[in-house]
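Peer 1:
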Amino acid sequence: MWQQLKEVISNGRKVYYFTRPWKWKEIRGRFKEELKAKTGKVSKSDRGDAYLLWKAYELSLIKNNTHRYFRPLTIIDIELRPLLMRENMLYKNLQRIRNASIVGVDVESDVEILEKRLKDVRREIVDRAIKLIPGFTDIVKNLGLDSEDINGLTGLAGELVYNRSTSYSSSVRFHGLYKAKGYDARKMKKYNHRAQKYLMMLTNAILRKNNELHLPRYKDMRRVLWMVIGARKQIGLAGDGAGA
Numbered sequence: 050m051w052q053q054l055k056e057v058i059s060n061g062r063k064v065y066y067f068t069r070p071w072k073w074k075e076i077r078g079r080f081k082e083e084l085k086a087k088t089g090k091v092s093k094s095d096r097g098d099a100y101l102l103w104k105a106y107e108l109s110l111i112k113n114n115t116h117r118y119f120r121p122l123t124i125i126d127i128e129l130r131p132l133l134m135r136e137n138m139l140y141k142n143l144q145r146i147r148n149a150s151i152v153g154v155d156v157e158s159d160v161e162i163l164e165k166r167l168k169d170v171r172r173e174i175v176d177r178a179i180k181l182i183p184g185f186t187d188i189v190k191n192l193g194l195d196s197e198d199i200n201g202l203t204g205l206a207g208e209l210v211y212n213r214s215t216s217y218s219s220s221v222r223f224h225g226l227y228k229a230k231g232y233d234a235r236k237m238k239k240y241n242h243r244a245q246k247y248l249m250m251l252t253n254a255i256l257r258k259n260n261e262l263h264l265p266r267y268k269d270m271r272r273v274l275w276m277v278i279g280a281r282k283q284i285g286l287a288g289d290g291a292g293a
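Residues in the sequence shown are numbered consecutively from 50, following this note's numbering.
#1: Is DSSP giving residue 67 helix, strand or coil here?
#2: Take residue 131 and list the residues in its own chain whose beta-carbon comes closer than 7 angstroms to its own, dropping the five residues that flank it on each side.
#3: How about residue 254 and residue 198: do their beta carbons lie closer than 9 angstroms?
#4: In whole angstroms, give me the CA-to-CA distance for residue 92 and residue 69.
#5: Cα-Cα, which of 175, 252, 167, 74 is closest to residue 136?
#6: Within 10 angstroms of its Cβ, does residue 256 collect 16 or more other Cβ (buried), or is it exposed?
#7: Taking buried to mean at least 16 other C-beta atoms within 10 Å of its own C-beta, is residue 252 buried or exposed?
#8: What would DSSP say about residue 213, mapped onto helix, strand or coil?
#9: Taking the alpha-carbon positions, what's the residue 66 to residue 270 distance?
#10: Applying the criterion that 16 or more other CB atoms from any shown protein chain within 10 Å of the CB defines a buried residue, is residue 118 buried or exposed?
#11: In whole angstroms, what separates the C-alpha of residue 217 from that of residue 158?
#12: Can you tell me whether residue 265 is helix, strand or coil according to DSSP?
#13: Spatial neighbours of residue 125 within its chain, please: CB distance less than 7 angstroms, with the 5 preceding and 5 following residues excluded, ordered by chain position.
#14: For residue 224 and residue 248, which I take to be in contact (beta-carbon distance under 8 angstroms), what is that distance rounded to the nearest angstrom?
#15: Buried or exposed: where does residue 86 fall if 16 or more other Cβ atoms within 10 Å of its Cβ makes it buried?
#16: What do you reckon, are the CB atoms on residue 169 and residue 258 nearer than 9 angstroms?
#17: Please say whether residue 284 and residue 188 have beta carbons closer to each other than 9 angstroms?
#18: Quick check on this structure: which residue in 54, 56, 98 has the alpha carbon closest to the alpha carbon of residue 72?
#19: Please confirm whether residue 207 and residue 246 have their CB atoms less than 9 angstroms apart.
#20: Could you name the residues of the same chain whose beta carbon sits closer than 8 angstroms to that of residue 64, not counting the 5 residues immediately before and after it, in chain order?
#21: If you count every other CB in all the chains shown that lies within 10 Å of the CB of residue 128, and 16 or more means buried, which is it?
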């Protein structure tokens, strides 16, 4: 899929992605009858999903908020998102196997293999980020990151890919760096889990650099987010990026 998208973009065509996956159930319910009339069924299908996306796009045009629901894919997305997805999968598998070792399962060899694979894919992410993301090395210097801190640099790369906004308040909501209040708060709180994960990696690296030996808290992550946004603005990258 990613290779096909790369070819489409290379040919000068624009490709957009839907930025609010948590609203999919709401959209399906809203256009249920129209979907049934159009496709003859309401169950999931490629044709049905394409129709629902078109209806969401039409509605966004009417409300003049298309930019909130559809964002253009760039070559940065095409090159880095697949690697970030792979990194996330390897990390989760490594955590699962490490948890198994806690209850006495012998997984030492599996842990070593996954640790190497995870390190390799993170190195590849950093190498491509340096090559593709404008001003990446300048932001690294601005934040005072060690150029050999692969985990911290991976966190920065993931943050820049998933969050393109330079609005601090919007970015705080996007990363879920707030306490949801009221009835059924967990359902009310919607945020990008991957963006939060990579911001946490970056925050952890900066905390260690400053000899702050504790787990990242929301206030720490908000501080680092402010630093990243400030660094992007300082080097003239306001509004650039690959996600959000």
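Note that CB positions come from ideal geometry on N, CA and C, so glycine has one too.
Peer 2: Walking through what the data contain:
#1: strand
#2: 51
#3: yes
#4: 20 angstroms
#5: 167
#6: buried
#7: buried
#8: coil
#9: 27 angstroms
#10: buried
#11: 43 angstroms
#12: coil
#13: 181, 182, 210, 291
#14: 6 angstroms
#15: exposed
#16: no
#17: yes
#18: 98
#19: yes
#20: 54, 57, 58, 121, 122
#21: buried
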